[in-house]
Amino acid sequence: MLEIGEDGRTWLLSGPASSYALRLGEDDALLHLHWGPRIALADAEALAAGPGPEYWAFEATLDGHEEYPVEGGPRFVRPALSVRTDERRGTEWSFETYEADGDELRLRFSDSGLGITLHYRMRAGTDVVERWVTLANEGPALEVLRADSAAWTLPHRDGWRLSQLHGRWAAESRLVRSELTYGEKIIGSRRGHTSHQHLPWVALDADGSATEERGEVYGCALAWSGTWRIAVAQLPDARVQITGGVGYDDSGLLRLEPGESFVTPVFAGLWSDGGFGGASRAWHAYQHAYVIPDADEHRPVLYNSWEATEFDISEEQQGALARRAAAMGVELFVVDDGWFGARTSDRAGLGDWTPNPDRFPAGLKPLADEVHALGMQFGIWVEPEMVNPDSELYRAHPDWVQFQPGRKRTELRNQLVLNLAREDVQEYLWEQLDTLLSSAPIDYVKWDFNRCFTDAGWPGEDYPQRLWVDHVHALYRLLDRLRAAHPGVAFESCSGGGGRIDLGIMARTDQVWTSDNTDPLDRLAIQHGFSQVHPARAMAAWVTDSPNNQLNGRASSLRFRFVSSMAGVLGVGGDLTRWSDEELAEARTWVELYKEIRPVVQGGDLHRLRAPEGGLSAVQYSRDGEIVVLAWLQAQHYGEPVAPVRLRGLDPAATYECLETGEVHRGAVLLHHGLRTGLRGDLDAAVFRLRRM
Ligand code: DGJ
107 MLEIGEDGRT WLLSGPASSY ALRLGEDDAL LHLHWGPRIA LADAEALAAG PGPEYWAFEA
167 TLDGHEEYPV EGGPRFVRPA LSVRTDERRG TEWSFETYEA DGDELRLRFS DSGLGITLHY
227 RMRAGTDVVE RWVTLANEGP ALEVLRADSA AWTLPHRDGW RLSQLHGRWA AESRLVRSEL
287 TYGEKIIGSR RGHTSHQHLP WVALDADGSA TEERGEVYGC ALAWSGTWRI AVAQLPDARV
347 QITGGVGYDD SGLLRLEPGE SFVTPVFAGL WSDGGFGGAS RAWHAYQHAY VIPDADEHRP
407 VLYNSWEATE FDISEEQQGA LARRAAAMGV ELFVVDDGWF GARTSDRAGL GDWTPNPDRF
467 PAGLKPLADE VHALGMQFGI WVEPEMVNPD SELYRAHPDW VQFQPGRKRT ELRNQLVLNL
527 AREDVQEYLW EQLDTLLSSA PIDYVKWDFN RCFTDAGWPG EDYPQRLWVD HVHALYRLLD
587 RLRAAHPGVA FESCSGGGGR IDLGIMARTD QVWTSDNTDP LDRLAIQHGF SQVHPARAMA
647 AWVTDSPNNQ LNGRASSLRF RFVSSMAGVL GVGGDLTRWS DEELAEARTW VELYKEIRPV
707 VQGGDLHRLR APEGGLSAVQ YSRDGEIVVL AWLQAQHYGE PVAPVRLRGL DPAATYECLE
767 TGEVHRGAVL LHHGLRTGLR GDLDAAVFRL RRM
């Protein structure tokens, strides 16, 4: 809901639990008033009429109070907007007008022909505020050095704690919390993709006071899949401002010729007083309603061949895996890397998106038909943004890659990055992928990205830096175009595991590959971090072989592996030709169980009951009186009994029947005393289904 003050200079956006207010002050300064619990317009106006920012020698009165600090004038904070023309640098804006368009508020400013529109939208039914900026240039050509999507301001508190999700390959999305101190904390990516190192999300709670279920939490998440930066600044007066947007350095993003415009991605903000768990549930609900395509459709159980066969694949061998997968109850069979061009190792073939004639003599259709005849959907792997120098594509177009003239072309995983900012490259990829998707009944595409940008040059182009931004826009357009032309095809975002997970890519893909780490124990921590912001409905998780042959050699039971993967979109990725009949039969019962609990896991509310750092961890999903609890024990010590897990969000006055044990539990008892799991030993796990009676 959007309310506007009588003088047309105060604006209030409200969701079910929270409000966001701002005010146009003197000299057209746009001042932040409120972000927090729901307030009335009169409260916002009282805040506006209250004492303004105080003067303090050697400080800028506006710092920490503005909605979008531009470069120039009496400001010392990091500017959200920095532009320059041949003649001048910085911005001195004048307010033009505002527009209220449904839930969206647009505030228009201008400076010498540059139109700057700040957009605000509180999505109906959520407490998520989406903010973004449009720059429309009607003046002389200008360079945009920095254009953040928003600056978020937190209220005065004694101190703040920062939560972030950091990692590296095979160790993504790990949650870390630390006290915020004076100065700036910067996270981001200079790699051309979202990165394994940081997810574009932060959360802040005052004085470290929030718990999983209680307390105020502020969160911000950026919808961008390229290079990005989020800066969390604690200013000299202890105020905290969070800016975020495209690009890591401020060395130039793009040039706007007269008549050109640039729209930043959304930087979304959320206030919740339900603790970290409440904030996560609010983020999940927002993504279900407004980000993830067709989020109310459940994702199928998939089989992926990568860990089983890597590059050594053939039609017959994939068929054998498919028959075993189908017998297990798998619903979607995905052939990973190695089916195309000369791709028999990671040294060749990327760029040539036609089936390898030795491996698939009649193309992909015979295998796709066989998979369909087995009752499954058929999917394939691609990595369209890349090329191996040993490929037909590179031999024909060596200038289609990113490179710096006169410098070595850095190969990582033996591959180079295609310059997607070029229209000929965009058109080539569209034709290749459109043809591929039309050549066989393909239902699913796993879209990978396996190396960072290093030599982001574009010889012959006047303003080569723009390829960083243009690459992401071209990727988005390509995905949008393919989705429109092939509406039945689902897409998975993968980047060597979880290197491209953000709200931008999630708006165009149906699920994401969470990590190449399929060790079921490590996965619990990775999934714990992922769930802080993204929902189980998008989190792909495979059961692979034991001992884990990719990473650490750890042995674990099928039970432990399945229960770990059942916390998200279940997949299987082991070498099924080596699984015994008993293992295959057991796996079938787990897949059956998953299908039963899937509506609750993929569509329900998540409560993280116990974090994975202790010996015992557990999550709970609830939907319409159906409860699913997944619990894992890493190691039992001294023979001590394992603590019961306390459930959340139940009706204390109701009773719940456990389908596993047949026991009837009182809600109040489950909430206060907990559910006994019976877990023991090392790497034990269990699933409990409870139904409200
Ligand atoms: C990286 C992905 O994360 C893996 O799952 C697999 O698809 C390989 N790439 C294939 O090259």
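To convert, take the position in the sequence shown, counting from 1, and add 106; that gives the numbering used here. Ideal placement from N, C-alpha and C gives every residue a C-beta, glycine not left out.
Straight-line Cα distance separating residue j from residue i
i: Y744; j: H640; result: 37 angstroms
i: E498; j: G721; result: 52 angstroms
i: I703; j: D113; result: 53 angstroms
i: G170; j: G289; result: 13 angstroms
i: P747; j: A693; result: 28 angstroms
i: M434; j: A691; result: 7 angstroms
i: T650; j: R643; result: 20 angstroms
i: P495; j: R449; result: 12 angstroms
i: R345; j: L360; result: 31 angstroms
i: M799; j: L789; result: 32 angstroms
i: S451; j: V493; result: 13 angstroms
i: L153; j: I145; result: 11 angstroms
i: A414; j: R296; result: 33 angstroms
i: V369; j: G512; result: 34 angstroms
i: H577; j: V352; result: 12 angstroms
i: S357; j: V669; result: 47 angstroms
i: W389; j: K514; result: 43 angstroms
i: T695; j: T349; result: 48 angstroms
i: R181; j: D192; result: 23 angstroms
i: L241; j: A230; result: 26 angstroms
i: L765; j: D458; result: 51 angstroms
i: R587; j: L524; result: 19 angstroms
i: G142; j: S378; result: 8 angstroms
i: F417; j: F636; result: 29 angstroms
Reference residue i, options the options, closest by Cα
i: L456; options: E403, A432, G469 and L518; result: L518
i: E529; options: D505, R387 and S723; result: D505
i: K291; options: Q347, L260, P565 and R797; result: Q347
i: R429; options: D400, D475 and W574; result: D475
i: Y226; options: Q340, A152, T232 and L211; result: L211
i: Q617; options: P406, G481 and G680; result: P406
i: W574; options: A562, E567, M645 and D568; result: A562
i: E244; options: F215, D233, A724 and V234; result: F215
i: Q532; options: L584, S315 and G179; result: L584
i: L785; options: L739, L224 and E769; result: L739
i: E249; options: I548, R557, W258 and L220; result: L220
i: G425; options: W275, T683, D254 and G179; result: T683
i: S411; options: N623, H138, I222 and L427; result: L427
i: E165; options: A247, S301, P342 and A123; result: P342
i: W334; options: I607, E732 and D687; result: I607
i: G187; options: G178, A163, R252 and H262; result: The residue asked about is misnamed: residue 187 is Leu in this sequence, not Gly. When only C-alpha atoms are compared, the closest one is R252.
i: S386; options: G321, I336 and I419; result: G321
Contact test: residue i Cβ vs the ligand DGJ heavy atom, cutoff 6 angstroms
i: C558; result: no
i: G131; result: no
i: G381; result: no
Beta carbon of residue i nearer than 7 angstroms to that of residue j
i: L286; j: L271; result: no
i: T516; j: T560; result: yes
i: V477; j: F382; result: no
i: F555; j: E491; result: yes
i: V734; j: R795; result: yes
i: V372; j: M612; result: no
i: P758; j: A737; result: no
i: F666; j: A792; result: no
i: G594; j: S545; result: no
i: L118; j: L136; result: no
i: A631; j: V675; result: no
i: W266; j: L310; result: yes
i: E173; j: L108; result: no
i: G375; j: W258; result: yes
i: G298; j: Y354; result: no
i: I755; j: Y727; result: Just to set this straight, residue 755 is Gly in the shown sequence, not Ile. For G755 and Y727, no; Cβs fall outside 7 angstroms.
i: D549; j: Q483; result: yes
i: G604; j: T620; result: yes
#### Entry: Under 6 angstroms, CB to nearest heavy atom of the ligand DGJ: contacting residues
W412, D442, D443, W487, D554, N556, C600, G602, G603, W619 and D622
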